[in-house]
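Participant:
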Amino acid sequence: MKYAEGRLGRVFVIRLEEGDVVPDCIEEFASEKNISIAHVSLLGTLMEGEVIVGPRKTSEIPPRPMDLPIYEAHETIATGVVAPDKDGKPILHIHGALGRSGNTIMGCLRNGVKAWVCCEVILQEILGVDAKRLLDEKTGFTLLNLG
Amino acid sequence: MKYAEGRLGRVFVIRLEEGDVVPDCIEEFASEKNISIAHVSLLGTLMEGEVIVGPRKTSEIPPRPMDLPIYEAHETIATGVVAPDKDGKPILHIHGALGRSGNTIMGCLRNGVKAWVCCEVILQEILGVDAKRLLDEKTGFTLLNLG
Amino acid sequence: MKYAEGRLGRVFVIRLEEGDVVPDCIEEFASEKNISIAHVSLLGTLMEGEVIVGPRKTSEIPPRPMDLPIYEAHETIATGVVAPDKDGKPILHIHGALGRSGNTIMGCLRNGVKAWVCCEVILQEILGVDAKRLLDEKTGFTLLNLG
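Protein chains in written order, with numbering that gives the first Met the number 0: chain A, 0 to 146; chain B, 0 to 146; chain C, 0 to 146.
1. Excluding the five sequence neighbours on either side, which residues of its own chain have a C-beta within less than 8 Å of the C-beta of I104 (chain B), listed in chain order?
2. Under the rule that 16 or more other beta-carbon atoms within 10 Å means buried, what is G87 (chain C), buried or exposed?
3. Relative to chain B, which residues along the stretch 16-38 of chain C have a C-beta separation below 7 Å, given in chain order?
4. Which residues, taken in chain order from the stretch 46-69 of chain B, show a beta carbon closer than 7 Å to some beta carbon of chain C?
5. What are the partner residues of A37 (chain B), as DSSP defines its beta bridges?
6. Do you know offhand how far C117 (chain A)'s Cα is from T138 (chain B)'s?
7. May I have the straight-line CA-CA distance separating E59 (chain B) from A82 (chain B), to the nearest angstrom?
8. Helix, strand or coil: how does DSSP classify E59 (chain B) here?
9. Mind checking the stretch 110-139 of chain A against chain C and listing, in chain order, the residues whose C-beta falls within less than 7 Å of any C-beta there?
10. According to the neighbour-count rule (16 or more other Cβ atoms, all chains shown, within 10 Å of its Cβ), is G171 (chain C) buried or exposed?
11. According to DSSP, which residues form a beta bridge with I76 (chain A)?
12. Applying the 10 Å Cβ sphere with the 16-neighbour rule, what's the burial state of L122 (chain C)?
13. Does DSSP put I69 (chain A) in a helix, in a strand, or in coil?
14. When the Cα atoms are used, what is the spatial distance from V147 (chain A) to P89 (chain C)?
15. Just curious, the beta strand (DSSP E) that E47 (chain B) is in, first and last residue?
16. Within the 9 Å Cβ cut-off, does E4 (chain C) reach chain B?
17. Taking the straight line between their C-alpha atoms, what separation do you get for F11 (chain B) and E136 (chain A)?
18. Hey, H92 (chain A) and T75 (chain C) are a contact pair by Cβ (cut 8 Å); roughly how many whole angstroms apart?
19. How many Å lie between G79 (chain B) and L41 (chain B) at the Cα?
20. For D23 (chain B), count neighbouring C-beta atoms within 10 Å of its own C-beta (all shown protein chains included) and say buried if the count is 16 or more, exposed if not.
21. Closest to I125 (chain B) by CA distance: which of B:T141, B:G48, B:P64, B:N33 is it?
22. Got a sec, what are the start and stop residues for the beta strand (DSSP E) F28 (chain A) sits in?
23. Have a look at L145 (chain A) and R55 (chain C) and give me their C-alpha separation to the nearest angstrom.
24. Within this structure, are the beta carbons of V20 (chain C) and G111 (chain C) separated by less than 9 Å?
25. Whole angstroms is fine: what's the gap from R109 (chain B)'s alpha carbon to R132 (chain B)'s?
26. Considering only their Cβ atoms, is the gap separating A77 (chain B) from E17 (chain B) smaller than 9 Å?
27. Give me the Cβ distance between R14 (chain B) and K1 (chain C), rounded to the nearest whole Å; I'm assuming they're in contact under 8 Å.
28. So the candidates are C:E27, C:H38, C:E26, C:E31; which of them puts its Cα closest to the Cα of G5 (chain C)?
29. Where do the ends of the beta strand (DSSP E) carrying F140 (chain A) lie?
30. Counting only Cβ pairs nearer than 8 Å, list the residues of chain C close to V80 (chain A).
31. So which residues on chain D does I90 (chain B) lean against when the C-beta distance must stay under 7 Å?
32. With C-beta atoms as the reference, is A3 (chain B) less than 9 Å away from D129 (chain B)?
33. DSSP on E16 (chain A), reduced to helix/strand/coil?
34. Quick check: is the beta carbon of I76 (chain B) nearer than 9 Å to any beta carbon in chain C?
35. Report all residues from its chain with a CB closer than 6 Å to the CB of L134 (chain A); omit the five preceding and five following residues, and keep chain order.
36. Rounded C-beta distance between M46 (chain B) and T57 (chain C)? I'm assuming under 8 Å.
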């Protein structure tokens, strides 16, 4: 376990509008507001795009991801962490549970899903933490490095 | 995307007791404590009531919701945002993943589900944000309006 | 409903490393850092261990839990609350949605699941709250007592 201690900064209440793409729109918002590290909590309805639903084989390194398309509007909760990449660009790592008519797809919202009519986000900025998402050569993942 | 910037206020640690109805009991609590805007994070076991599991057709406006009943006790995580309606009454918009024996129903807890034995909530008040849930004529939803 | 009012303390950004066991590693971290009460928000990939997926019968007291094993790596979001037991040891009550290839298991991570390659946690300390997890004779659960 690696960790860094910080403190809370600004808190943003956000409403996504129809067609806003997650995680892109939140990354752009973070960039615009000079937010480096943040916790993101989302609830709403998402549609389209793809969700990464696990590595094909748990023990295969580097892992090959499984993707599933999202067709119709799905009720969603999602949790994410914003941190900068090596160039300082904010990257949102966000996982969500997307459900429809009693079935639930849980995965990483890396490849873009869109807000439907109604989607709310609470973004809490975290100050005083030195963190970067850097490429891990072995796994091919960008992992959170805490300084 | 619409947004408003605020700051954290009071933090409440809450234990729901058997039979407490979500979202009602949290809305009443917010009213009693003069909480206008808040982030709600819930974990516990819920039962009974109904969950909205998506619009019947993604592209149909106004949308007609699908509901599913919840029978037995379900392990749950849920995320919500409290904001006042046009009359100032606190409304909790909350989505949750409710699972039992390996099946998971993800939806909006609008129609009332009850706490079973064990249910914990962290409610974080957000200050300095002007927000209201107002009727959107086109969709028939009450959407978060950020001033 | 029982409640206690507090305020936010330290915020920790944590990266779990492969093989770190939840909830144990977070309980040890809380102990080391003298954290009494905290909110925990996790996203990442978990594997192995077991998840409690509900009581066998909703109305049977004391309840007998259902457990399911987790085999391969599962994309996950989880929400938890840290509070001390009667001896002051931090106990993390944490529920998570664990998904793989479109199926989702929602449950209580009490019996230990392990971090796979990538797992991030935001831990928010809550100050000024007197809470303890104490045995409830009737149900056999340790419930959050708020003083």
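All residues carry an ideal CB built from backbone N, CA and C; glycine is no exception.
Facilitator: In short:
1. As a first step, residue 104 (chain B) is located in the second sequence; it is residue number 105 there, counting from the start. Result list for I104 (chain B): V50, V52, L67, I69, H73, A96, L97, G98, in chain order.
2. Taking the first residue of the third sequence as 1, we reach residue 87 (chain C) at position 88. G87 (chain C) should be labelled exposed.
3. Result list: I36, H38.
4. Cβ contacts with chain C: M46.
5. Reading the second sequence from its first residue, position 38 is the one you call residue 37 (chain B). Paired residues: B:V81, B:E124.
6. The residue labelled residue 117 (chain A) in the question sits at position 118 within the first sequence. The residue labelled residue 138 (chain B) in the question sits at position 139 within the second sequence. Across the structure, C117 (chain A) and T138 (chain B) are spaced so that their CA atoms are roughly 10 Å apart.
7. Reading the second sequence from its first residue, position 60 is the one you call residue 59 (chain B). Reading the second sequence from its first residue, position 83 is the one you call residue 82 (chain B). One alpha carbon belongs to E59 (chain B), the other to A82 (chain B), and they sit about 27 Å apart.
8. Within the second sequence, the letter at position 60 stands for residue 59 (chain B). It is coil, neither helix nor strand.
9. The stretch 110-139 of chain A vs chain C, Cβ under 7 Å: I125, V128, A130, T138.
10. Since the first and last residues shown for chain C are 0 and 146, residue 171 (chain C) lies out of range.
11. For the purposes of this step, residue 76 (chain A) is taken as the residue at position 77 of the first sequence. For I76 (chain A), which the question treats as bridged, DSSP gives the partners A:L42, A:A96.
12. Here residue 122 (chain C) corresponds to residue number 123 of the third sequence, with the count starting at 1. Result: buried.
13. Your numbering for residue 69 (chain A) matches position 70 in the first sequence. The answer is coil: DSSP assigns I69 (chain A) none of H, G, I, E or B.
14. The structure shown does not extend to residue 147 (chain A), since chain A is modelled only from 0 to 146, so the question has no answer here.
15. Here residue 47 (chain B) is taken as the residue at index 48 of the second sequence, counted from 1. From DSSP, E47 (chain B) is part of no beta strand (DSSP E); its letter is neither H nor E.
16. On the third sequence, position 5 is the one that residue 4 (chain C) refers to. At least one CB of chain B lies nearer than 9 Å to the CB of E4 (chain C).
17. Here residue 11 (chain B) refers to the residue found at position 12 of the second sequence. Here residue 136 (chain A) refers to the residue found at position 137 of the first sequence. When the Cα atoms are used, F11 (chain B) and E136 (chain A) turn out to be separated by approximately 43 Å.
18. To locate residue 92 (chain A), count along the first sequence from 1; it is residue 93. To locate residue 75 (chain C), count along the third sequence from 1; it is residue 76. So it is not a contact: roughly 12 Å between Cβ atoms.
19. In the second sequence, residue 79 (chain B) corresponds to position 80, counting from 1. In the second sequence, residue 41 (chain B) corresponds to position 42, counting from 1. Rounded to the nearest angstrom, the two C-alpha atoms are 8 Å apart.
20. Within the second sequence, numbered from 1, the residue matching residue 23 (chain B) stands at position 24. By the beta-carbon neighbour count (other beta carbons within 10 angstroms, threshold 16), D23 (chain B) is exposed.
21. Walking along the second sequence from the start, residue 125 (chain B) turns up at place 126. Residue B:N33 is the option with its Cα nearest to I125 (chain B).
22. As a first step, residue 28 (chain A) must be located in the first sequence, where it is residue number 29. Per DSSP, F28 (chain A) is not a residue of any beta strand (DSSP E); the alpha helix (DSSP H) it occupies stretches across 23-31.
23. Here the question's residue 145 (chain A) lines up with position 146 in the first sequence. Here the question's residue 55 (chain C) lines up with position 56 in the third sequence. The alpha-carbon atoms of L145 (chain A) and R55 (chain C) are separated by roughly 42 Å.
24. Here residue 20 (chain C) is taken as the residue at index 21 of the third sequence, counted from 1. Here residue 111 (chain C) is taken as the residue at index 112 of the third sequence, counted from 1. In contact: V20 (chain C) and G111 (chain C) (Cβ atoms closer than 9 Å).
25. Reading the second sequence from its first residue, position 110 is the one you call residue 109 (chain B). Reading the second sequence from its first residue, position 133 is the one you call residue 132 (chain B). CA-CA distance, R109 (chain B) to R132 (chain B), rounds to 14 Å.
26. Taking the first residue of the second sequence as 1, we reach residue 17 (chain B) at position 18. Taking the first residue of the second sequence as 1, we reach residue 77 (chain B) at position 78. No. Outside cutoff.
27. The residue you call residue 14 (chain B) lines up with position 15 of the second sequence. The residue you call residue 1 (chain C) lines up with position 2 of the third sequence. Right, the Cβ-Cβ distance comes to about 5 Å (below 8 Å), so this counts as a contact.
28. Here residue 5 (chain C) refers to the residue found at position 6 of the third sequence. When C:E27, C:H38, C:E26, C:E31 are compared, the shortest CA-CA separation from G5 (chain C) is found for C:H38.
29. For the purposes of this step, residue 140 (chain A) is taken as the residue at position 141 of the first sequence. Membership of F140 (chain A) in any beta strand (DSSP E) is not indicated, and neither H nor E is assigned to it by DSSP.
30. For this step, residue 80 (chain A) is matched to residue 81 along the first sequence. Within chain C, the residues near V80 (chain A) are V12, L42, E119, I121.
31. The chain inventory of the structure shown lacks chain D, comprising the protein chains A, B and C.
32. The residue given as residue 3 (chain B) occupies position 4 in the second sequence. The residue given as residue 129 (chain B) occupies position 130 in the second sequence. Going by C-beta atoms, A3 (chain B) is nearer than 9 Å to D129 (chain B).
33. Stepping through the first sequence from its first residue, residue 16 (chain A) is reached at position 17. E16 (chain A): coil per DSSP, three-state reduction.
34. Here residue 76 (chain B) refers to the residue found at position 77 of the second sequence. Yes - at least one Cβ of chain C is within 9 Å of the one on I76 (chain B).
35. Mapped onto the first sequence, residue 134 (chain A) falls at position 135. Closer than 6 Å at the Cβ level, and outside the excluded window around L134 (chain A), lie T141.
36. Position 47 of the second sequence, counting from 1, holds the residue named residue 46 (chain B). Position 58 of the third sequence, counting from 1, holds the residue named residue 57 (chain C). Right, the Cβ-Cβ distance comes to about 6 Å (below 8 Å), so this counts as a contact.
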